[in-house]
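Participant: Have a look at this one before I ask anything.
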Amino acid sequence: MSSSSLRIHDWSRLDPAGRIALLRRPAQRDQDETMAGARAIVNRVRNGGDRALLDLTAEHDRVHLTELKVGEDEINAAATALSPNEKRAIEIAIGTVRAFHEAQVQQPIRVETAPGVVCERITVPLEAIGMYVPAGTAPLPSTALMIGVPAQIAGCERRVLCTPPRRDGKADPGVLYTARACGVT
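Everything in the sequence shown is counted per this note's numbering, starting at 318 for the first residue and increasing by one.
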């Protein structure tokens, strides 16, 4: 999330055209075409496993990886790649999102509706979740915290995060730092 990967825009200084340009999203392809492409990718991965993922990364991201899992050294280096202000902004955002989602945690309810008849509502976390953090036109550490924090609060034991590599084959430091701060290991 160095200055080259994170652009900061001051909304109050943008003219109307600049604001519209900032809010524009890339054009969406036809939904049928998108679904057919997604099915083809899923089938390739089902049939080819990790090798298919490495091949797809080379095709779509133009990066040739030898390993899918980010190493501990790269995760640790992410913290030193970010400025203190960037780390503080991420930590503040995590705290804000955490406060909101902790307020939503449902407490168990146990009601005896008749003698010997008990009705309960309990909430149990998913054992494992997969999180995808886009990084196409811009890395999105905010996505990592918006899905990582609720998963952590819910008590999901296994949290796996996937994100596309940069051209150098590394994951975005902001995404890695945020993931670690959200308890993704």
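Glycine included, C-beta positions come from ideal geometry on N, C-alpha and C. Treat the numbers as computed from the prediction; the structure is a model and nothing was measured.
Using a 10 Å radius around the Cβ and a threshold of 16 neighbouring Cβ atoms, would you call M352 buried or exposed?
Facilitator: So M352 ends up on the exposed side.
Participant: Taking the straight line between their C-alpha atoms, what separation do you get for R368 and D327?
Facilitator: Those two C-alpha atoms are separated by around 43 Å.
Participant: In chain order, which continuous runs of the alpha helix (DSSP H) of length 4 or greater are located wholly inside the stretch 424-486?
Facilitator: Complete alpha helix (DSSP H) runs here, min 4: 458-471.
Participant: For the candidate residues I325, D372, E474, whose alpha-carbon lies nearest to that of A406?
Facilitator: Nearest option by C-alpha distance: I325.
Participant: Looking at the unbroken alpha helix (DSSP H) that takes in A406, where does it start and where does it end?
Facilitator: Its alpha helix (DSSP H) spans residues 401-419.
Participant: Within a Cβ cutoff of 6 Å, which residues of the same chain sit near A440, ignoring the five residues on either side of it in sequence?
Facilitator: Note on identity: in this sequence residue 440 is Thr, with Ala being the wrong assignment. The residues are Q423.
Participant: Quick check on this structure: which residue in A496, T495, Y494, K487 has the alpha carbon closest to the alpha carbon of L542?
Facilitator: Within the shown structure, residues of the chain are numbered from 318 to 502, placing residue 542 beyond reach of any answer.
Participant: Using the C-alpha atoms, what's the distance from D378 back to R484?
Facilitator: R484 and D378: Cα-Cα distance of roughly 8 Å.
Participant: On a Cα-Cα basis, can you pick out the residue from R356, E474, G388 that is closest to L443?
Facilitator: Closest by alpha carbon: E474.
Participant: On the DSSP letters alone, give me the boundaries of the alpha helix (DSSP H) that L340 sits inside.
Facilitator: Where L340 is concerned, the enclosing alpha helix (DSSP H) stretches over 333-340.
Participant: Flag this pair as yes or no: are the beta carbons of A394 and P490 separated by less than 9 Å?
Facilitator: Against a cut-off of 9 Å, the Cβ pair of P490 and A394 comes out as a contact.
Participant: Kindly indicate which three-state DSSP category D327 falls into: helix, strand or coil?
Facilitator: D327: coil per DSSP, three-state reduction.
Participant: In angstroms with no decimal places, state the Cα-to-Cα distance between R336 and A396.
Facilitator: Spanning the two alpha carbons is a distance of roughly 32 Å.
Participant: Over what stretch of residues does the alpha helix (DSSP H) that includes A488 continue unbroken?
Facilitator: It is not in any alpha helix (DSSP H) - A488 carries neither H nor E in the DSSP assignment.
Participant: Do P458 and P481 have their C-beta atoms within less than 9 Å of each other?
Facilitator: No, they are not a contact pair.
Participant: Going by C-alpha distance, which of A431, A445, G472, R497 is nearest L462?
Facilitator: Per the Cα distances, R497.
Participant: In this structure, does DSSP put L370 in helix, strand or coil?
Facilitator: Helix.
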